[in-house]
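Everything on this sheet refers to the single structure shown next.
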Amino acid sequence: MPRTSPLRRTLVCAALTAVLLAGAVAGLALGSARIPVGEVLAALTGRSGPSPFTTIVLDVRLPRVLLAAVVGAGLALVGTVLQALVRNPVADPYLLGISSGASTGAALVVVFGIGAVSMPAGAFAGAMAALLVVYAMARRGGTMTTGRLVLAGVAVQYVLSALTSLVLVTSSEKEHLRTLLFWTLGGLGQARWDTLALPALVLLAGLVLLLALARPLDLLLAGEEGATTLGLDVGRFRAAAFVLASLVTAVLVTVSGSIGFVGLMVPHAARMVVGAAHRALLPVAALGGAAFLVLADLAARTVAAPQEIPVGVLTALTGGPFFLWLLRRSQRGEGVWA
Amino acid sequence: MTRACALRAEEVSYEVEQGRALIKEVTLQARPGETVGIVGPNGSGKTTLLRCVYGTLRPTRGRILLDGDDGAALSAKARARKVAVVPQDGGGGFGLTARQVVAMGRSPHKRFWEGDTARDAAQVAEALERAGAAPLATRPFESLSGGERQRILVARALVQDPGLLALDEPTNHLDVRYQWELLTLVRDLPATGLLALHDLNLAAYFCDRLHVLDAGRTVASGPPAEVLTEELLARVYGVRAEVRVHPRTGAPTVVYLPPDLEDVHR
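Those sequence lines, one after another, are chains A and B.
In short: position in the first sequence from 1, add 139, done, that's the working numbering.
In short: position in the second sequence from 1, add 295, done, that's the working numbering.
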């Protein structure tokens, strides 16, 4: 079956949905206390009375599983968009320092309480600033090479992480040290029903908007000049896409810290399966990201139980080697677009 | 089919920094449906002139008129509906199939959220056929050779349904047969054609008029038989050549001569 066939896309989406649902049920059943799947389903459908199981499933694990799905899908979407914007598969909100920018912005708001600025707004400003700096640095002299893009991302990431540490460590409040650890390592341990609404809303709006923008995203693959001659106002579209990517990243970072490499690996895998056209790529990447992070979080909670591993550590352990492999291929000039 | 576009470049200059001009006061005209060739040595400004025409460079002086409208005032989309481009260097379509790259050519005729319809798909298939690229349709674009990419980009320009088709060195990667097929296709399109060409014999045969650039300035402009002279080739390219009208094609034909070849009487 050709990679671009609609039937194949539908089958892939169905398969990923099945994996996501199975992962979610496992995520609800497994953990410090094992809950039989029957009890889980009973709790979900409201057929069980008030019991400790019901409380664990509905108030502790369900928001966490949902947050994992939302964050995973969001990171994969942002990664897909960034890769189209820089025309390079070595792009990810974490690697390009956008997550660090969001952390720094959020940290400044938390510690200094700047006026009426909320934490997500601070995170958004930080993310946007980081993205603009990395983009400008990587593009100096006209063409953007993989090497320069990665160096710019890493440099900005270091400076911003240091700034975040400085701000939070020198603060007199003890609580801020925990916040620092959370943002740096990335985790889903703070999931609660009331922190879920904003990221879910932003993800949904982002997905709808991006699907509508599938055509201009495809045009970006033709390069700046190509896209212009095909009728795209590249400057304006890029600015809009930067704002959208920064916004989604910022909201995700405020609820889950910096979880790296999901936005790198998932879009790449999705492209291998359904091709690079965004109308097919975006939904597959979103579903894949959701399924991946739900499973990764399940592993984070169970492999070293009762100790919990921050999920960002797990994604880095799998994503780092993948990143090196991708870099090697891109330096050999092999087709890195799958 | 879109109506052929009238092109007029009025004293167009493009300066990269104070005083250094890549093209200087170039005036050029193409009537609707004409095929006009831009020739000149490397670095003479052919690509820069084309870029000014299709709008990825904005002239620092002078203006480009498309059907009488100032090109600089058109939106990217309005311009893309009028002018299609076959770039010199593959552009790209990373990870897309050849057919998907061709389908991008429908974009200027669509709202950005619109998908491709069955009619678009039919146009894409027809363009692939005309460009001799139908067997390539499902291949990944980046797996294609230079010449194959060229044909895909020609098909992309065809589905754009332009009034003016701009081609930058379109025959570069092509073997002789495809050079002829491509240029025949371009000449026979109702659209106005503007081509930067290296091969003077192809230019002489396929173009209604030639525009010769040297160091960014116009040095000659007119029908090939008037423009392509032995004297001009010596002055602009620094080569010795013999130009004759070929008895069967009726087009001027250039034969290059070694500088040390002895003169013979004609």
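Even for Gly, the Cβ is constructed at its ideal location relative to N, Cα and C.
For clarity, every value in this text was computed on a predicted model and none was experimentally measured.
Provide the residue span of the beta strand (DSSP E) that contains R358/B, from first to last. R356 to L361
What residue from A269/A, T284/A, G286/A and H315/A has the CA that sits closest to V295/A's CA? A269/A
According to DSSP, what are the bridge partners of Y551/B? A536/B
Span of the alpha helix (DSSP H), counted from its first residue to its last, around R279/A: First-last for R279/A: undefined, no H or E at that position.
H506/B by DSSP, collapsed to three states: which one? strand
Out of curiosity, what's the CA-to-CA distance linking P354/B and V220/A? 32 Å
Report yes or no: is there a C-beta of chain B within less than 9 Å of the C-beta of R317/A? no
Would you check if there are 3 or more beta carbon pairs closer than 8 Å linking the segment 504-523 of chain B to the segment 319-339 of chain B? yes
Here's a check: name, in chain order, each residue in its chain whose Cβ is nearer than 7 Å to the Cβ of A443/A, leaving out the five neighbours to either side. none
Between T548/B and the rest of its own chain, which residues show a CB-CB distance below 8 Å, the 5 nearest in sequence each way excluded? N496, A499, V538, R539, V540 and H541
From D470/B, E526/B, L490/B and G340/B, pick the residue whose C-alpha is nearest to that of R315/B; which is it? G340/B
Going along chain B, which residues have a C-beta under 7 Å from A488/A? With chain A running from 140 to 477 in the structure shown, residue 488/A is simply not present.
Taking three-plus beta-carbon pairs below 8 Å as touching, is the segment 230-246 of chain A in contact with the segment 335-343 of chain A? no
Inter-residue Cα distance where the pair is S385/A and S304/A: Approximately 21 Å between the Cα atoms of the pair.
Buried or exposed for M411/A, please, with buried defined as at least 16 other CB atoms from any protein chain shown within 10 angstroms of its CB. Under this definition M411/A is an exposed residue.
Distance, F389/B Cα to E473/A Cα: Bear in mind that a pLDDT of 48 at E473/A, under 50, signals an unreliable position, so the number given afterwards is only what the model happens to contain. Rounded to whole angstroms, E473/A to F389/B spans 12 Å at the Cα level.
Please report the residue range of the beta strand (DSSP E) in which E306/B lies. L302 to E312
Should L437/A and L155/A be called a contact, given that it needs their Cβ atoms to be closer than 9 Å? no
Leaving out five residues before and five after R377/A in sequence, what residues of the same chain have Cβ atoms less than 7 Å from its Cβ? L224
With 9 Å as the threshold, decide whether the Cβ of R148/A is near any Cβ in chain B. no
Determine whether the Cβ of G370/A lies closer than 9 Å to any Cβ atom of chain B. yes
Grouping DSSP H, G and I as helix and E and B as strand, with all else coil, what is L317/B? strand
Where does the unbroken beta strand (DSSP E) through D483/B begin, and where does it stop? No beta strand (DSSP E) contains D483/B, which is instead part of the alpha helix (DSSP H) from V471 to D483.
Measuring CA to CA, which of V450/A, R440/A and P406/A is closest to F461/A? P406/A
Per DSSP, D463/B forms a beta bridge with which residues? A491/B
Can you tell me which of the three DSSP states D456/B falls into? coil
Under 9 Å (Cβ pairs) to chain B, residues found in the segment 337-358 of chain A: L350, A351, L352, A353, R354, P355, D357 and L358
Smallest Cα separation from G545/B: which of L527/B, E305/B, E525/B and C502/B? C502/B
Whole-number beta carbon distance between D231/A and L403/A, since they are thought to touch under 8 Å: D231/A and L403/A do touch by the CB rule: their CB atoms are close to 4 Å apart, below 8 Å.
So if I threshold CB-CB distances at 9 Å, which residues from the segment 329-352 of chain B count as touching chain A? R346, Y349, G350 and T351
Does the beta carbon of S440/B sit closer than 9 Å to a beta carbon anywhere in chain A? no
Own chain partners of L197/A with C-beta closer than 7 Å, once the 5 adjacent residues on each side are dropped: A182
Per-residue DSSP class, three states only, for Q383/B: coil
Taking the C-alpha atoms as reference points, what is the distance between G365/A and A409/A? If I take the Cα positions, the gap works out to 25 Å.
Reducing DSSP to helix, strand and coil, say where A325/B ends up. Correct three-state label for A325/B: strand.
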